[in-house]
Structure formats: structure tokens, C-alpha cells
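This report refers to the structure that appears directly beneath it.
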Amino acid sequence: MRPEEAFGAEWFDVDLAAGVFTVRRSFAEGRLMWARFRAPPRAAPGP
Numbered sequence: 000m001r002p003e004e005a006f007g008a009e010w011f012d013v014d015l016a017a018g019v020f021t022v023r024r025s026f027a028e029g030r031l032m033w034a035r036f037r038a039p040p041r042a043a044p045g046p
């Protein structure tokens with residue numbers, strides 16, 4: 000997971016049971032930005 004994606008994460012993006020983060024937003028250029036509409040949300044392995 001990239002740092003800008005981690006800063007954009009919220010609790011509903013975290014699935015502790017499955018151990019994954021769903022990347023939907025990122026924090027860049029001082030603002031929160033949504034992922035591209037054509038690309039599906041990306042799942043990154045969690046702790």
C-alpha cells in the first residue's frame with residue numbers, strides 16, 4: 000500500500016477478518032481523491 004493510499008483509508012475500507020484493505024481513495028496534493036471510476040477498487044494485504 001502506498002503512503003498516499005494509507006492516508007486516504009477509512010475504517011470501512013479495512014476488513015480485519017479477511018486481512019485486507021480496500022483502496023478506494025488517496026490523499027494527494029493536499030486533498031482526498033477518489034480512485035478512477037473505470038478501475039475497480041484494489042485490495043491490498045493488511046497486517
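Numbering of the sequence shown is given in numbering that gives the first Met the number 0, commencing with residue 0 and proceeding in unit increments.
No residue lacks a Cβ here, since even glycine has one placed at the ideal position from N, Cα and C.
Determine the contact status of residue i and residue j, defining contact as a CB-CB distance below 9 Å.
{"i": "Glu-3", "j": "Phe-20", "result": "no"}
Could you give the distance in angstroms between the alpha-carbon of residue i and the alpha-carbon of residue j?
{"i": "Leu-31", "j": "Val-22", "result": "12 Å"}
{"i": "Ala-27", "j": "Ala-16", "result": "29 Å"}
{"i": "Ser-25", "j": "Glu-9", "result": "11 Å"}
{"i": "Trp-33", "j": "Phe-11", "result": "15 Å"}
Quick check on DSSP: helix, strand or coil for residue i?
{"i": "Ala-34", "result": "coil"}
{"i": "Ala-27", "result": "strand"}
Please classify residue i as buried or exposed, where buried requires at least 16 other C-beta atoms within 10 Å of its C-beta.
{"i": "Gly-7", "result": "buried"}
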